[in-house]
Amino acid sequence: MSAKLAPWLLEPWHSLSARLGAGELPHALLVCGEPGLGKRALADALAASALCDSRTEAGFACGKCRACLLLAAGSHPDRVFVSFELRDDGKPRTEIVIEQIRTLSQRLSLSSQFGGLQVVLIDPADKMNASAANALLKTLEEPSPSTVIILVSDKPSRLPATIRSRCQRIQLQVPNKAESLDWMVAAGVAVSTAEEALAVALGNPGQAMQAIRDDTLGLRNECRKDLRSLRDRHGNALAVAEAWSADRPEQRLWHAAAIVHDEALNLVRGGKSALGLTGTEEIPKLAAWFASANRSRELLATQLRSELVLLDLLHAWQMPRRT
1 MSAKLAPWLL
11 EPWHSLSARL
21 GAGELPHALL
31 VCGEPGLGKR
41 ALADALAASA
51 LCDSRTEAGF
61 ACGKCRACLL
71 LAAGSHPDRV
81 FVSFELRDDG
91 KPRTEIVIEQ
101 IRTLSQRLSL
111 SSQFGGLQVV
121 LIDPADKMNA
131 SAANALLKTL
141 EEPSPSTVII
151 LVSDKPSRLP
161 ATIRSRCQRI
171 QLQVPNKAES
181 LDWMVAAGVA
191 VSTAEEALAV
201 ALGNPGQAMQ
211 AIRDDTLGLR
221 NECRKDLRSL
231 RDRHGNALAV
241 AEAWSADRPE
251 QRLWHAAAIV
261 HDEALNLVRG
271 GKSALGLTGT
281 EEIPKLAAWF
291 ASANRSRELL
301 ATQLRSELVL
311 LDLLHAWQMP
321 RRT
């Protein structure tokens, strides 16, 4: 099980494992942090360890006992997972509703079937609606000594303060670049690709790996080439606007804004321009275009035709830059 935890998760894991072994694990935990840092992996590892009949020396679930086999099969009676359910039309809900929490409370009122802990995972906890959150609060206010409730959240600020205050918070942080690079390279990613992906993901290794899987890097490079071509007056703004509008316009616009932001920072630091710009006198214009790009992202969510929104923005980019 330890091999499945990223290295930056080991410090919080050792702390939680030690408290579990000493019988001092809080009855409610809030595991939070940016998407891509492994919150669910940490929560799953803790749940498995709490239910295991024969934990390893490092505190991980053995993977071989009856409890572990049932957990792997998704049929352990003392492990409860609460997330989005399907609506009557077969589509997943976008929130966790009060009926789910009421069902959970009824289940927790019964004794553990295996005589040990009952472990609950709620993910994403910040998607509970107000009624569901209020119902959960009643459960948290009257904790059972044999129950551990683990809330997983990207945005814990969306949870009521009354719930947050009753949970032990486990805040995951973005690891340093060296640790992230080592982890990605160990997973088979080339160093240069890992570095580029980490830059796109603002240092978040999980999001960097997702960017590689989704070919986000290829999309970003296409946007960079288009901006460079327009800047050099070789490209056609209408053709680029139509191409962007036809294929993931929101993502392309996000990448374009990020590229221009990075370009401004690069010029401030005296670096070489990737877009053919000449010097720091370009920075105010880059900042203005960055702001326009973000406004255009908002306009894409309106009834305006996306190609017209993009064309206006790209024309502004292509205009001669006078000092």
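In UniProt numbering, the protein residues as written are 1 to 323.
Backbone N, C-alpha and C define an ideal beta-carbon position, used for all residues, glycine too.
Since we're looking at a predicted model, the values are computed, not measured.
Nonlocal neighbours in the same chain, by C-beta distance under 8 Å from residue i, ignoring five residues either side
{"i": "residue 361", "result": "Past the boundaries of the shown model lies residue 361; the chain is included only from 1 to 323, so the question cannot be answered."}
{"i": "LEU159", "result": "LEU30, ALA125, ASP126, MET128, ALA133, LEU151 and SER153"}
{"i": "LEU219", "result": "ARG248, GLN251, ARG252 and HIS255"}
{"i": "LEU5", "result": "TRP13, GLY38, ALA41, LEU42 and ALA45"}
{"i": "ILE283", "result": "ALA264, LEU267 and VAL268"}
Residue closest to residue i, alpha-carbon to alpha-carbon, out of the options
{"i": "THR280", "options": "ASN266, TRP289, ALA293 and ALA291", "result": "ASN266"}
{"i": "GLY188", "options": "ASN176, SER165, ARG213 and ARG164", "result": "ARG213"}
{"i": "PRO12", "options": "ALA43, SER192, GLU263 and GLN303", "result": "ALA43"}
{"i": "ALA264", "options": "LEU286, ASN204 and GLU222", "result": "LEU286"}
{"i": "residue 383", "options": "ASN221, ILE122 and TRP183", "result": "Here the chain covers residues 1 to 323 and nothing more, so residue 383 does not appear."}
{"i": "MET184", "options": "PRO77, ALA258 and GLY36", "result": "GLY36"}
Where residue i falls, given that 16 or more other Cβ within 10 Å makes a residue buried
{"i": "THR139", "result": "buried"}
{"i": "HIS14", "result": "exposed"}
{"i": "LEU86", "result": "exposed"}
{"i": "SER2", "result": "Low per-residue confidence applies at SER2: pLDDT is 44, beneath 50, and the placement is therefore not dependable enough to give any value."}
{"i": "ALA291", "result": "exposed"}
{"i": "SER49", "result": "buried"}
{"i": "LEU202", "result": "exposed"}
Beta-carbon proximity list for residue i, same chain, < 6 Å, skipping 5 on both sides
{"i": "PRO143", "result": "HIS27"}
{"i": "LEU16", "result": "LEU46"}
{"i": "ILE98", "result": "SER131, ALA132 and ALA135"}
Cβ neighbours of residue i in the same chain (closer than 7 Å, five flanking residues each side left out)
{"i": "LEU230", "result": "ALA237, VAL240, LEU314, TRP317 and GLN318"}
{"i": "CYS52", "result": "ALA61, CYS62, CYS65, ALA67 and CYS68"}
{"i": "THR323", "result": "Confidence is the limiting factor: at THR323 the pLDDT is only 43, short of 50, which leaves the residue's position unreliable, though a coordinate-based value still follows. Only GLU281 meet the Cβ criterion."}
{"i": "ILE163", "result": "ALA133, LEU136, LEU137 and LEU140"}
Beta-carbon separation (whole angstroms), residue i vs residue j, contact threshold 8 Å
{"i": "LEU181", "j": "GLU195", "result": "7 Å"}
{"i": "LEU227", "j": "LEU300", "result": "Incorrect: roughly 18 Å between the Cβ atoms, too far for contact."}
{"i": "ARG19", "j": "LEU25", "result": "5 Å"}
{"i": "PRO156", "j": "CYS32", "result": "4 Å"}
{"i": "ASN204", "j": "GLU34", "result": "6 Å"}
{"i": "VAL80", "j": "VAL120", "result": "5 Å"}
{"i": "LYS177", "j": "LEU198", "result": "7 Å"}
{"i": "VAL200", "j": "LEU217", "result": "7 Å"}
{"i": "SER112", "j": "GLN118", "result": "5 Å"}
**Request:** Evaluate the contact criterion for the stretch 55–73 versus the stretch 205–219: three or more CB pairs, one atom per stretch, below 8 Å.
**Result:** no
**Message:** Counting beta carbon pairs with one atom in the stretch 293–311 and one in the stretch 243–251, are three or more of them shorter than 8 Å?
**Reply:** yes
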